[in-house]
Amino acid sequence: MDPQQPTARSLQTRINNDITQLLQRFENIMAAATVENTSHTATAIETYQLDVESTALIRAAEDILALTRTMKETWLFGKLDTLGEDERDVKRREKLEQDVAVVKEAIEKGSVLKLEK
């Protein structure tokens with residue numbers, strides 16, 4: 001695999017990190033918005049905090065959009081193995097292919113009974 005191509009595992013990690021960031025920023029905004037304080041200093045601090053958190057929330061959303069673009073490009077143009085067959089899947093697929101070959105051979109030899117209406 002090309003070293004520039006992301007793996008399924010790295011994409012999954014990035015998805016989890018981006019979602020965590022998005023949720024954390026939203027929670028921070030909600031926590032700051034519910035504080036009831038009438039002092040001008042506290043209000044200014046809360047306003048600044050909301051500004052910072054909303055900017056970070058927008059950045060987290062942009063990261064998710066960039067991730068979806070990367071995933072689309074990788075699936076369309078890359079060789080991302082999202083199926084990741086393990087040994088059991090390989091054996092199952094091979095057995096299925098053998099069964100198909102046996103049925104095909106039986107049909108070709110005419111040893112399968114034909115039902116007539």
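The sequence shown begins at 1 in full-length UniProt numbering and counts up one residue at a time.
In this text, a Cβ means the ideal position worked out from N, Cα and C, and glycines have one as well.
Note that the coordinates shown come from a computational prediction; the quantities given were computed from them, not determined experimentally.
Can you check whether the CB of residue j is closer than 8 Å to the CB of residue i?
{"i": "Thr55", "j": "Gln5", "result": "no"}
{"i": "Ile29", "j": "Leu11", "result": "no"}
State the start and end residues of the unbroken alpha helix (DSSP H) segment that holds residue i.
{"i": "Gly53", "result": "Correcting the residue type first, residue 53 is Glu in the shown sequence and not Gly. That run of the alpha helix (DSSP H) goes 40-77."}
{"i": "Gln98", "result": "87-109"}
Does DSSP classify residue i as helix, strand or coil?
{"i": "Gln21", "result": "helix"}
{"i": "Thr13", "result": "helix"}
{"i": "Glu36", "result": "coil"}
Quick one: is residue i buried, meaning 16 or more other Cβ sit within 10 Å of its Cβ, or exposed?
{"i": "Glu53", "result": "buried"}
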